[in-house]
Structures are given as structure tokens and as C-alpha cells.
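Residue numbers (this note's numbering): 454 to 754.
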Amino acid sequence: MSFMRFLTAILGLVFCSGLCAQEMNCHVQVNANQIEGTNKDKFNTLASNLTEFINTRKWTDAVFQEEERIECNFILTIDETGSGDSYSGNLQIQASRPVFNSSYSTTLFNFKDENLTFTFSEYGEHFEFNENSYDDNLTSIIGFYVNIILGLNFDSYSRHGGSQYFDKAETIANLARSSDDPGWKAFESDRNRYALISNYQDANLKGLRDLIYEYHRLGLDEMVQNVEKGKSRIYSNLPYLQEMNRAKPFSVTLQLFVESKLDEIVDMFRNSMPNEKKELYEILSSIVPTQTNKLKDLLEE
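Below you can see the structure in the form of C-alpha cells.
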């Protein structure tokens with residue numbers, strides 16, 4: 454390395470040490486109200502240690518400014534205790550993305566993992582994680598979802614920009630599959646971690662990642678400058694959801710996208726032409742038929 458390149462690298466580190474931030478701004482909650490006779494301070498320690506693990510680890514090589522950190526929530530609910538320091542429950546993961554030049558944030562990811570099992574000692578512990586080995590179920594689960602969030606975030610700013618993070622999530626899932634811990638195996642569930650990453654990597658659903666970019670970067674971000682242009686871009690892309698649904702019925706990732714955008718889309722197109730609203734109703738209700746109550750405003754003249 455030349456002296457000038459060395460100097461530039463050092464100056465970059467010095468500059469970044471005061472102004473750059475890690476990628477995640479995660480808020481962790483641990484709900485252990487269903488567990489009786491257990492020291493609740495232990496779960497406060499768990500929440501604190503998980504927050505530190507997620508927010509202080511460097512997950513990417515990208516440079517994030519403080520205001521660019523990804524807002525997310527991890528809500529861990531414990532409903533059973535096992536032998537020793539083992540626990541089970543569920544994990545709700547939520548992440549959002551700001552819309553360019555506005556105070557509005559849109560949901561990127563909202564998913565409930567029903568297969569959470571982990572161990573955590575009475576005296577607490579600081580978490581270590583290696584994405585190339587399976588050492589601990591809880592840190593693997595957290596690392597998996599952080600990479601899913603990063604993949605979606607980067608996809609929303611550039612077409613297929615999150616590929617390397619989906620690849621990392623897939624590696625984590627593949628390594629964990631040999632364990633006895635639930636949530637990682639094929640055919641175990643159509644809404645587990647294996648199904649989730651398989652769908653994001655599925656060639657039949659490649660268009661979903663294109664749509665994520667079109668919807669956010671060319672749709673919502675554009676609406677700040679030109680509402681009709683941004684809405685038109687979103688409207689023209691939503692029919693692709695139905696095409697993908699025919700190719701991959703009941704896809705968890707299609708359902709998650711529609712569920713997370715349902716209220717937003719209804720509000721956006723509430724005053725559109727009746728034929729447009731009818732088309733959107735048919736598209737969205739075919740993917741999430743249990744959510745038709747939320748879509749009823751699209752049928753009103």
C-alpha cells in the first residue's frame with residue numbers, strides 16, 4: 454500500500470470515529486410475564502445484552518451516518534422454561550425505512566417467529582457471533598433477522614442491493630439446519646426461517662425484490678416531489694404480485710410484503726378511480742384473503 458493510500462485510510466477511520474455509526478438502531482423488549490417464580494432482573498439483563506449485541510456490532514462494510522441507522526424492534530416473549538437455563542417463546546421483528554425528505558417511515562419487515570428456543574444463564578452473558586459457524590441458537594436467530602432486514606433495506610435503495618445480506622442469512626440458516634433447534638428445517642413450516650430465506654432467494658420470486666425497489670425508491674421516495682408520478686409507479690408494479698402468487702402460491706414473503714403495506718396502499722389509493730381500486734382489491738385479496746376487511750375501503754365509490 455502506498456503512503457498516500459495508507460494516510461487516506463487512517464484519515465477515514467479518524468473521521469468516521471466521530472461521525473459514523475453502526476447500522477442498527479434496535480429496541481429490544483423481553484416479556485417474561487407468563488413465567489412465575491423467576492428472577493425478572495435476568496430478563497432485563499437479556500434485553501440489555503441483546504440491545505448491545507445488535508447495535509454495537511458492525512454488520513456490513515457500508516458507512517452509516519447516525520441518522521441513517523435502521524430503526525427496528527425485537528420483541529421477545531418467553532412463555533415456557535425448560536431444564537437448566539433454557540427457554541422458549543416467540544420473537545416479533547419489526548423494521549422500518551424513512552421516506553426520502555419526509556418525516557414518514559414505511560414498514561420494511563414485520564414478522565412473528567413462533568419457534569424461539571434459547572439458553573441464557575442466570576448471571577447473563579455477552580453474546581458472540583460468527584456468521585460462518587453455528588455456536589448458539591439465539592445469536593444465530595438474531596444474526597439471521599438482522600441480515601434479512603439489511604437485505605430488504607439495501608434492496609429498497611438499489612435494485613437487488615441487498616443480495617449479499619440475503620446470502621449471509623442463507624448461510625446462517627444452512628449452518629443451523631443440522632441442529633435440533635426448531636425453525637431452521639425444510640418442510641417444518643411454511644412460515645419458519647428456512648421458508649423465509651428460501652422465498653427471498655427463490656428465482657420465481659425474484660420480481661418481489663424488484664418490486665421492493667420500485668415501491669420504495671421510485672414510488673414512495675418520488676411521491677415527496679411528485680405524488681402522482683410516485684403513485685403511478687407503485688400502481689403499475691402491484692399486478693406483478695399476482696403473477697408471483699400464481700407461480701408460488703401462499704409465499705410467506707409475498708404475504709409479509711402485502712400485510713406490511715396494506716394500510717399504506719389503501720390510504721394511497723382511497724380516492725383513485727373505481728376501476729383502479731377494484732383491480733387493487735382483487736390483487737391484494739388474492740394474496741392475503743384473511744385481510745379483506747382492511748381492503749373494503751377500496752370497494753367504496
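We put the CB at the ideal spot given by N, CA and C, even for glycine.
Quantities reported herein were computed from a predicted structural model and do not represent experimental measurements.
Integer-rounded CB distance, given that residue j should sit under 8 Å from residue i
| i | j | result |
| --- | --- | --- |
| residue 528 | residue 484 | 7 Å |
| residue 677 | residue 553 | 6 Å |
Residues near residue i by beta carbon distance below 6 Å, same chain, minus five either side
| i | result |
| --- | --- |
| residue 746 | none |
| residue 533 | 541 |
| residue 755 | What the structure shows of the chain is the stretch from 454 to 754, and residue 755 is not part of that stretch, so it cannot be assessed. |
| residue 539 | 572 |
| residue 639 | 647 |
Candidates the options, of which the one nearest residue i by Cα
| i | options | result |
| --- | --- | --- |
| residue 714 | 505, 560, 568 and 601 | 560 |
| residue 693 | 676, 683, 711 and 679 | 711 |
| residue 509 | 492, 476 and 698 | 476 |
| residue 603 | 733, 479, 744 and 738 | 479 |
| residue 537 | 573, 583, 487 and 550 | 573 |
| residue 648 | 727, 568, 718 and 672 | 568 |
| residue 683 | 700, 718, 701 and 705 | 718 |
| residue 525 | 551, 634 and 579 | 551 |
| residue 698 | 680, 658, 727 and 500 | 658 |
| residue 594 | 643, 488, 724 and 564 | 564 |
| residue 701 | 726, 503 and 643 | 643 |
| residue 555 | 675, 744 and 586 | 675 |
| residue 520 | 474, 585, 505 and 727 | 474 |
Reduced DSSP category for residue i - H, G, I as helix; E, B as strand; rest coil
| i | result |
| --- | --- |
| residue 541 | strand |
| residue 480 | strand |
| residue 703 | coil |
| residue 565 | strand |
| residue 536 | coil |
| residue 531 | strand |
| residue 526 | strand |
| residue 747 | helix |
| residue 738 | helix |
| residue 665 | helix |
| residue 475 | coil |
| residue 574 | coil |
| residue 551 | strand |
| residue 460 | Because residue 460 carries a pLDDT of 38, less than 50, the predicted location of this residue cannot be relied on, and the following value inherits that uncertainty. Helix. |
| residue 546 | strand |
| residue 642 | coil |
| residue 611 | coil |
| residue 442 | Residue numbering for the chain in the displayed model covers 454 to 754; residue 442 lies beyond these limits and cannot be assessed. |
| residue 559 | strand |
| residue 580 | coil |
| residue 518 | strand |
Heavy atom of the ligand COA within 7 Å of residue i beta-carbon
| i | result |
| --- | --- |
| residue 574 | This structure simply doesn't include the ligand COA, nor any ligand for that matter. |
Residues near residue i by beta carbon distance below 8 Å, same chain, minus five either side
| i | result |
| --- | --- |
| residue 696 | 660 |
| residue 741 | 708, 711, 712 and 715 |
| residue 606 | 523, 548, 550, 561 and 615 |
Test: residue i CB closer than 8 Å to a CB of chain B
| i | result |
| --- | --- |
| residue 478 | In the displayed structure, chain B is absent; only one protein chain is listed. |
Neighbourhood of residue i by C-beta, 7 Å cutoff - its chain only, sequence neighbours within 5 removed
| i | result |
| --- | --- |
| residue 753 | none |
| residue 734 | 748, 751 and 752 |
Could you say if the segment 622 to 630 and the segment 641 to 657 meet the contact criterion of at least three C-beta pairs nearer than 8 Å?
yes
Does the segment 626 to 645 come close enough to the segment 574 to 593 that 3 or more CB-CB pairs lie under 8 Å?
yes
Pairing CB atoms from the segment 681 to 698 with CB atoms from the segment 660 to 671, are three or more of them under 8 Å?
With contact defined as three or more Cβ pairs closer than 8 Å, the segment 681 to 698 and the segment 660 to 671 are in contact.
Is the segment 545 to 562 in contact with the segment 594 to 610, if contact means three or more CB pairs nearer than 8 Å?
yes
Can you confirm whether the segment 556 to 574 touches the segment 508 to 520 when touching is taken to mean that 3 or more C-beta pairs between the two stretches lie within less than 8 Å?
no
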